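A short worksheet on the structure shown next.
2 protein chains.
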Amino acid sequence: MEKREAMDQSLELVKRSTLALVGSNGDGGYPNVKTMIKADHEGLKRIWFSTNTSSRRIGQFRRDPKACVYFLDDEAWKGLMLLGEMEIQTDGESRRRLWHPGDERYYPLGVDDPDYSVLRFTARRGNYYHSLANADFDVE
Amino acid sequence: MEKREAMDQSLELVKRSTLALVGSNGDGGYPNVKTMIKADHEGLKRIWFSTNTSSRRIGQFRRDPKACVYFLDDEAWKGLMLLGEMEIQTDGESRRRLWHPGDERYYPLGVDDPDYSVLRFTARRGNYYHSLANADFDVE
Numbered sequence: 001m002e003k004r005e006a007m008d009q010s011l012e013l014v015k016r017s018t019l020a021l022v023g024s025n026g027d028g029g030y031p032n033v034k035t036m037i038k039a040d041h042e043g044l045k046r047i048w049f050s051t052n053t054s055s056r057r058i059g060q061f062r063r064d065p066k067a068c069v070y071f072l073d074d075e076a077w078k079g080l081m082l083l084g085e086m087e088i089q090t091d092g093e094s095r096r097r098l099w100h101p102g103d104e105r106y107y108p109l110g111v112d113d114p115d116y117s118v119l120r121f122t123a124r125r126g127n128y129y130h131s132l133a134n135a136d137f138d139v140e
Numbered sequence: 001m002e003k004r005e006a007m008d009q010s011l012e013l014v015k016r017s018t019l020a021l022v023g024s025n026g027d028g029g030y031p032n033v034k035t036m037i038k039a040d041h042e043g044l045k046r047i048w049f050s051t052n053t054s055s056r057r058i059g060q061f062r063r064d065p066k067a068c069v070y071f072l073d074d075e076a077w078k079g080l081m082l083l084g085e086m087e088i089q090t091d092g093e094s095r096r097r098l099w100h101p102g103d104e105r106y107y108p109l110g111v112d113d114p115d116y117s118v119l120r121f122t123a124r125r126g127n128y129y130h131s132l133a134n135a136d137f138d139v140e
């Protein structure tokens, strides 16, 4: 598979995905995986998430920002693995970026609720597969 | 959520899952995630997979057997993360265990094809979630 085609198909997959599987470095040297809602994205380079400040993943990314964000279309046997860094964004602009009316259900204090955390993943490289074909590429 | 209930629901989820997301420790300290077909399981304790000997994951598990096996029901918002060790099984019994008629499509030399590798994951502990409830448990 050509890199260009892999990147085009990757972007298609990210656009139509509502969920991502997020890999982190957990306790005791074990990789961890968790489903998270893709809140926003900028091409393949940045993927945004939000979660509870108190969640296990926030502690893990504070200790080690290395992360994997994986998108999957299991019916078509397509998948994209992005590798990069996950950063916790504390600025007001990032917090407002992902906030939707009604999110007070989860965060009663609103966009400044200290339990509301915004995560921004920055991809360095990717691997896309479709059936038995796959390609590695850098994400610029 | 009670541990007993979490383990019962976990086993249900494993039984009806055909795929798992497998986390490994990849190059440069990055967690990696890959979709794999669940070939067999023994309760929650052991999950079996097969793959190409030449695949990237085999090299990763040779270097570091620490693994995560994640099962997902995204419609019901349920998920199970198992943490443990992934071992490459080279004995004939393990190889025959997962072999199905027709697998010669992928491994032309049959069950002894050197590119056919069998992986056995042994779980140490788990975390099951359903909606906002979740529970940790040890896998005995």
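Top to bottom, those sequences are chains C and Y. Per this note's numbering, residue 1 is the first one in the first sequence, and the count goes up by one each step. Per this note's numbering, residue 1 is the first one in the second sequence, and the count goes up by one each step. C-beta: ideal position from N, C-alpha, C; glycine also. These numbers were taken from a predicted model, which means no experiment stands behind them.
- request: Give me the Cα-Cα distance between L11/Y and D74/C, rounded to the nearest whole angstrom.
  value: 21 Å
query: Taking only beta-carbon atoms, is K141/Y less than 8 Å away from chain C?
result: Because chain Y is modelled from 1 through 140, residue 141/Y falls outside the range shown and cannot be assessed.
task: With 9 Å as the C-beta to C-beta threshold (strictly closer), list the residues of the region 10–24 of chain Y near chain C in chain order.
output: T18, L19, L21, V22, G23, S24
- request: Look up V111/Y in the DSSP assignment and say whether it is helix, strand or coil.
  value: helix
- prompt: Would you call the CB atoms of A6/Y and I47/Y closer than 8 Å?
  reply: no
- prompt: Where does L21/Y fall in DSSP's three states?
  reply: strand
task: Name the one or two DSSP bridge partners that E42/Y has.
output: R46/Y
task: Pick out whichever of M86/Y, H100/Y, S24/Y has its Cα sitting closest to the Cα of L83/C.
output: S24/Y
field: Cβ pair K78/Y, Y116/Y closer than 8 Å
entry: no
field: Helix, strand or coil at A67/Y according to DSSP, with G and I counted as helix
entry: strand
field: Beta-carbon neighbours of K66/C, restricted to chain Y and to distances below 9 Å
entry: G28, G29, Y30, P31
From K38/C, F137/C, D27/C, residue whose alpha carbon lies closest to that of W99/C: K38/C
Inter-residue CB distance, F121/C and M86/C (contact presumed, cutoff 8 Å): 5 Å
- request: Give, in chain order, every residue of the region 33–51 of chain C whose Cβ lies closer than 9 Å to some Cβ of chain Y.
  value: V33, K34, T35
query: Residues in its own chain within less than 6 Å of Q136/Y by CB, not counting five upstream and five downstream?
result: It is Asp, not Gln, that sits at residue 136/Y in the sequence shown. So the qualifying residues of the chain are N127.
- prompt: What did DSSP end up calling S165/Y once you bin it into helix, strand or coil?
  reply: With chain Y represented from 1 up to 140, any question about residue 165/Y goes unanswered, as that position is not in the structure.
query: Does DSSP put A6/C in a helix, a strand or coil?
result: helix
- prompt: Quick one: Cα of D112/C to Cα of F61/C, how far?
  reply: 21 Å
query: From the beta carbon of G79/C, is the nearest beta carbon of chain Y less than 8 Å away?
result: yes
Length of the line joining the Cα atoms of N134/C and P108/C: 44 Å
query: Residues of chain C with CB under 8 Å from L72/Y, in chain order?
result: L21, T35
- prompt: What does L119/Y touch in chain C if you count any residue whose Cβ is under 7 Å from its own?
  reply: Near L119/Y there are no residues of chain C at all, since even the closest Cβ is about 15 Å away, more than 7 Å.
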